[in-house]
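Q: Under my numbering, the first residue of the sequence shown carries the number 3, and numbering increases by one thereafter. Glycine included, C-beta positions come from ideal geometry on N, C-alpha and C. Quick caveat, the model's predicted, so the values are computed rather than measured. First the structure, which I've put down as C-alpha cells, then a few questions once you've had a look.
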Amino acid sequence: MSKTITTPYNVAEHLRTPEEMAAYLEVCIEEANGDATFVAKALGDIARAKGMSQVARDA
C-alpha cells in the first residue's frame, strides 16, 4: 500500500481580492453554526491574506 503525500494548504494564499475575502467570510459564517472560533479563524485567514497582499504590492 502506497502512502499518500500531502502538502499544507494555506487558504490565505488564495484570497487575493476583497471580493474573494468577503465571499470566504460569508461562507464561513454560514457554515459556522454559531461557532465563534470558526469565524475568528476565518477572520485570521483574511487578515493574513491582506498582509500577504500588501507585501506583494510593496515588492
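1) Could you check if residue 1 is buried or exposed, using at least 16 other CB atoms within 10 Å of its CB as the buried criterion?
2) By the 10 Å Cβ neighbour count, where 16 or more other Cβ atoms means buried, how is residue 3 classified, buried or exposed?
3) My guess is that residue 49 and residue 26 are in contact by the Cβ rule of under 8 Å, so how many angstroms apart are they, rounded?
4) Measuring only the C-alpha atoms, how far is residue 16 from residue 37?
5) Go through its chain and collect everything with a Cβ distance to residue 34's Cβ below 7 Å, but skip five positions before and after it.
A: So, from the data block:
1) Beyond the ends of the chain as shown, which are 3 and 61, falls residue 1; an answer cannot be given.
2) Residue mapping note: residue 3 aligns to position 1 of the sequence shown, counting from 1. By the neighbour-count rule (16 or more Cβ atoms within 10 Å), residue 3 is not buried but exposed.
3) Position 47 of the sequence shown holds residue 49. Position 24 of the sequence shown holds residue 26. At roughly 12 Å, the Cβ-Cβ gap does not stay under 8 Å, so residue 49 and residue 26 are not in contact.
4) The residue labelled residue 16 in the question sits at position 14 within the sequence shown. The residue labelled residue 37 in the question sits at position 35 within the sequence shown. Take the alpha-carbon of residue 16 and the one of residue 37: they are about 23 Å apart.
5) Taking the sequence shown and counting its residues from 1, the one referred to as residue 34 is at position 32. Here the set comprises 40 and 41.
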